[in-house]
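Notes for the one structure printed next.
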């Protein structure tokens, strides 16, 4: 499920985006004017709007024709619609049938074309991103290198062949000197005139033959045109006969279909009449039963109410006797107030009656005027209705067809509106569900799919280039730049430990509150699995690209050369080593320093690890042999204090050198991860440059172990 990734987008600096010259791979895209107009028209739906306007104009024109026919028929009431020609009626029916068949098919084709245009526009927009454009540029560069290499080889081969041909020509036809002759100038001019005359005769003869040939060809073309015209006329007559037969067959088919439709309509009406009679009988029985039940229920209800009324009357009689005495005194007091109020009321009533009579006279006058106006308006409406009824009677067939078309249009619009409303309801429910799922959804990488597509396309292009023999270095370089600029992590994530679901079934709110939590958890887990699968895909594609690039241009290690010596100071005093003591540890130290220098040149993490292990093992072996070397030194030299520490310090020098090599390799291993692409992203160095670099790095290693010169 693809959710809204606007909230999960990684913020990017806006300063770098404004400067286009800082972005690698940003180049203007040049397209033709025709293609630009097509893209703009598809974006604005101009062609679709023009088609809709054409359809509306056609409908308005049809309505104009209908109204004109109606006005014309009003002036000619004696002309009946039955006088129309049968061919015109049949043509109108055929046109209506063709329109009914054509409209759904045309709509379907237009919808398919619109979807194709949308997909093509999306693909074009995807290809205009920096990554695909850089990949396409690398492909063009690789193709240019391949074509250049091919044409250079072809040019060299052509030059070689030309040289061989010139050499053979020189051998077969050597240069010779032609001696001077005894021909005079007049003889040379006469020969030239003779050659000119012969050439003129040849040209005239050739022109005559060409003229005869053109005349024959023109006659053949005229005959062929006459034959083709007769053949086309025969084909046209044959097609016309077939078209007339097809029209007759179609008319017969429509007549039979109409007859079957009438029979089916009569059968349906008969079935509906029988069904209505059965339904009326069922309703009558049901009404009778309900009437009897209602009568019984009402009788029981009346008895219960009469009993309740009797009881209430008895209680009310007792209460009335008690209240009557109290009301007697109050009535006397109120009687005086009522008399005074009645006198005032009679005066107000007399005044109100006078005003009412005056207003009634005015209202009668107004009603008389309104009644006359209503009668005149009603009379006019009756005349208009009579005129409209007469007009409708004259155009009954047209009105019936118009009503049917309006009903069909209304039904189509209602169906479309129903589908739209149902679709909007489903879309709203889906959006609400997605919003609930997105509250605690996983933070997806918005550029992960672009990375997956980029590396898939890169692998496909490299495989195709490898099959066709194109160089892979520009494509691998574009992939490396893309990884470095977009910070693509090549290490796929490990699988996380899933939570235990069994404990959730024990708490009471599981069935009410845990459902949404589980859906969110499952959504996060699915999202994580999908992202992990995409990262694994990117990792595998990177390995494939690295392997193909390494097969094309493998990395060659440079052999180290130069002397390595090891010195050590002890409390500022110089220790001079004899040749016999130096030979004890010299091979080990030289081997360790050589491997250390090679590790500096290669920069490979795996080789650094192996060198560190070898250095550690050799350092430990040097420490173990410390006691043996010291005892041998004691036996070979005098037991004095000046000769005793020589062997020990020399062996310690080897151990110290091995320890430094181990520490340096471990420090570089912690500082940077192994780079799998370093073997093919850098161009191979020349032999002189590699030797110089190796010598400089070996000199740096020697400087770590170098001691100061002793004082005199």
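In UniProt numbering, the protein residues as written are 1 to 712. In this text, a Cβ means the ideal position worked out from N, Cα and C, and glycines have one as well. In this text the structure is predicted, and so the values were computed from the model without any measurement.
message: Let me make sure I understand the geometry here. Which of 114, 90 and 477 has the alpha-carbon closest to that of residue 136?
response: With distances taken between Cα atoms, residue 136 lies closest to 477.
Inset, instruction - Give a yes or no on whether 8 angstroms exceeds the smallest Cβ distance from residue 59 to chain B. - result: Any reference to chain B falls outside this structure, which holds one protein chain only.
Are the beta-carbon atoms belonging to residue 474 and residue 141 less than 8 angstroms from one another? Yes. Within cutoff.
Requested in this report: Measure the alpha-carbon distance for residue 268 versus residue 60 and round it to whole angstroms.
Outcome: Going by the C-alpha atoms only, they are around 37 angstroms apart.
Note down the Cα distance separating residue 234 from residue 216, rounded to an integer number of angstroms. Taking the CA atoms as reference points, residue 234 sits about 28 angstroms from residue 216.
| Which whole-angstrom value is the C-beta distance of residue 146 and residue 446, which I expect to be below 8 angstroms? | The pair is not a contact, with the Cβ atoms about 36 angstroms apart (cut-off 8 angstroms).
Let's test the definition: count the other Cβ atoms within 10 Å of the Cβ of residue 480 and tell me whether it reaches 16, buried, or not, exposed. By the neighbour-count rule (16 or more Cβ atoms within 10 Å), residue 480 is buried.
Report task. Quick one: residues in its chain with C-beta nearer than 8 angstroms to the C-beta of residue 430, no 5 flanking neighbours on either side, listed in chain order? Result -> Cβ neighbours of residue 430 beyond the five flanking positions: none.
Alpha-carbon spacing of residue 211 relative to residue 185, whole angstroms: Cα to Cα, residue 211 sits roughly 39 angstroms from residue 185.
Hey, residue 459 and residue 544: beta-carbon distance below 8 angstroms or not?
Yes, they are a contact pair.
- request: Could you check the C-alpha separation between residue 348 and residue 337 for me, to the nearest Å?
  value: In a straight line, the C-alpha of residue 348 is about 17 angstroms away from that of residue 337.
Exercise. Taking the alpha-carbon positions, what's the residue 566 to residue 552 distance?
Worked result: For residue 566, the pLDDT reaches just 42, beneath the cut-off of 50, and the residue's location in the model is therefore unreliable, leaving the point undetermined.
**Item:** Classification of residue 173 by the beta-carbon crowding that lies within 10 angstroms, buried from 16 upward
**Value:** Exposed: under 16 other Cβ atoms inside 10 Å.
Inset, instruction - Under the assumption that residue 251 contacts residue 121 (Cβ atoms under 8 angstroms), give the Cβ distance between them as a whole number of angstroms. - result: 47 angstroms between Cβ atoms; not a contact.
Compute the distance between the beta-carbons of residue 66 and residue 398, then report whether it is under 8 angstroms. Contact annotation: residue 66 and residue 398 have beta-carbon atoms nearer than 8 angstroms.
What would DSSP say about residue 152, mapped onto helix, strand or coil? Three-state result, residue 152: helix.
Same chain only: Cβ atoms within 8 angstroms of residue 117, ignoring 5 sequence neighbours per side
Excluding sequence neighbours, residue 117 sits near 42.
inquiry  = According to DSSP, is residue 31 part of a helix, a strand, or is it coil?
reply    = It is coil, neither helix nor strand.
Does the Cβ-Cβ distance between residue 541 and residue 450 come in under 8 angstroms? Annotated as distal: residue 541 and residue 450, with beta-carbon spacing of 8 angstroms or more.
Exposed or buried, what is residue 462 when buried is set at 16 or more other beta-carbons lying within 10 Å of its beta-carbon?
Residue 462 is buried by the Cβ-count criterion.
**Message:** Using 8 angstroms for Cβ pairs, my map puts residue 395 next to residue 70. What's the rounded Cβ distance?
**Reply:** Contact holds; Cβ gap of about 5 angstroms.
(Q) Starting from residue 391, trace the alpha helix (DSSP H) in both directions and tell me its first and last residue. (A) Here the alpha helix (DSSP H) through residue 391 covers 185-394.
Residues of its chain near residue 534, where Cβ-Cβ distance is below 8 angstroms and the 5 sequence neighbours each way are ignored:
If we look at residue 534 and ignore the five residues flanking it on each side, its Cβ neighbours are 448, 449, 451 and 452.
Exercise for the section: Please classify residue 538: is it buried, with 16 or more other beta-carbons within 10 angstroms of its beta-carbon, or exposed? Expected result: Sixteen is the threshold: when 16 or more other Cβ atoms of the shown chains lie within 10 Å of the Cβ of residue 538, as they do, the residue is buried.
**Whole-number beta carbon distance between residue 391 and residue 74, since they are thought to touch under 8 angstroms** = About 7 angstroms separates the beta carbon of residue 74 from that of residue 391, a gap short enough to meet the 8 angstroms contact definition.
- Could you please give the first and the last residue of the uninterrupted alpha helix (DSSP H) stretch that includes residue 68? Where residue 68 is concerned, the enclosing alpha helix (DSSP H) stretches over 46-75.
Check: Span of the alpha helix (DSSP H) holding residue 128?
Finding: For residue 128, there is no enclosing alpha helix (DSSP H), as DSSP marks it with neither H nor E.
Exercise for the section: With DSSP collapsed to three states, give me the class of residue 445. Expected result: In the structure shown, the three-state DSSP call for residue 445 is coil.
State buried or exposed for residue 134, treating a residue as buried only when at least 16 other CB atoms are found within 10 Å of its CB.
-> Its Cβ being crowded by 16 or more others within 10 Å, residue 134 is buried.
* On the three-state DSSP scale, how would you describe residue 469? -> Note: residue 469 maps to coil in three-state DSSP.
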